[in-house]
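Okay, so the sequence shown: first residue is 236 according to our numbering, each after it adds one.
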Amino acid sequence: MNNLQSAESQTFNARLKGTFFGILQWQQLDEFWARVKCGQWFFYQVGEALPVQALSGDELALRVDALNTLLRNDHDCKVCGIVYADHVAEPTLIKVYDPNTLGSSCSHNATPTPPRWILSTAQPDQIENPIPAPNNRKRWWQMFSQ
236 MNNLQSAESQ
246 TFNARLKGTF
256 FGILQWQQLD
266 EFWARVKCGQ
276 WFFYQVGEAL
286 PVQALSGDEL
296 ALRVDALNTL
306 LRNDHDCKVC
316 GIVYADHVAE
326 PTLIKVYDPN
336 TLGSSCSHNA
346 TPTPPRWILS
356 TAQPDQIENP
366 IPAPNNRKRW
376 WQMFSQ
């Protein structure tokens, strides 16, 4: 890895550990996804191969809608609270946690659970995941590579 790649990795990792704002209400999530669908995003499921190109248009909308459906079906709560963005109005980095493997994201005594999905306007780096994706998440992701 050259120095430029190393600096870019540090930048992405630093951004990933930076300040994020939670999308708490489901209606806010609908509005948020509408803004996201207008851009170009690298869509990454942690533990899978890194995306090679950003998605936009129909392909992006298809994945965002599928993720939204998955979250609503699997996170049977009155509030969302598992989607976080670096900026809500103009996001460039989004972390989405798997409702089935929430674990600990803030405990100082435990290893924080990484997000299951990352959407980024810049190429993401490989993220180590101590909790491998369950088979249902692997199958969900594979529906996009067919």
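Built from N, CA and C at the ideal position, the CB exists for glycine as well.
Own chain residues within Cβ distance below 6 Å of Ser291, not counting five before or after: Counting only Cβ-Cβ distances below 6 Å, and skipping sequence neighbours, we find Gln275.
Residues near Val331 by beta carbon distance below 6 Å, same chain, minus five either side: Around Val331: Val318, Pro350, Trp352.
Taking the beta strand (DSSP E) that Gly257 belongs to, which residues open and close that run? Unbroken beta strand (DSSP E) run through Gly257: 256-258.
CA nearest to the CA of Val299, picked from Lys272, Gly282, Asp333: Comparing alpha carbon positions, the residue from Lys272, Gly282, Asp333 closest to Val299 is Lys272.
Between the C-alpha atoms of Gln240 and Asp293, what's the straight-line distance to the nearest angstrom? With a pLDDT of 45 at Gln240, under the threshold of 50, the predicted position of this residue should be treated as unreliable, though the coordinate-derived value follows. Rounded to whole angstroms, the separation of the alpha carbons of Asp293 and Gln240 is 31 Å.
Just to confirm the assignment: which complete alpha helix (DSSP H) runs, minimum length 4, are found wholly within the stretch 288-368? Taken in chain order, the complete alpha helix (DSSP H) segments of 4 residues or longer contained in the stretch 288-368 are 292-309.
Neighbourhood of Ile329 by C-beta, 6 Å cutoff - its chain only, sequence neighbours within 5 removed: Leaving aside the five residues that flank Ile329 on each side, the residues in its chain whose CB is nearer than 6 Å to its CB run, in chain order, Ala320, Leu354.
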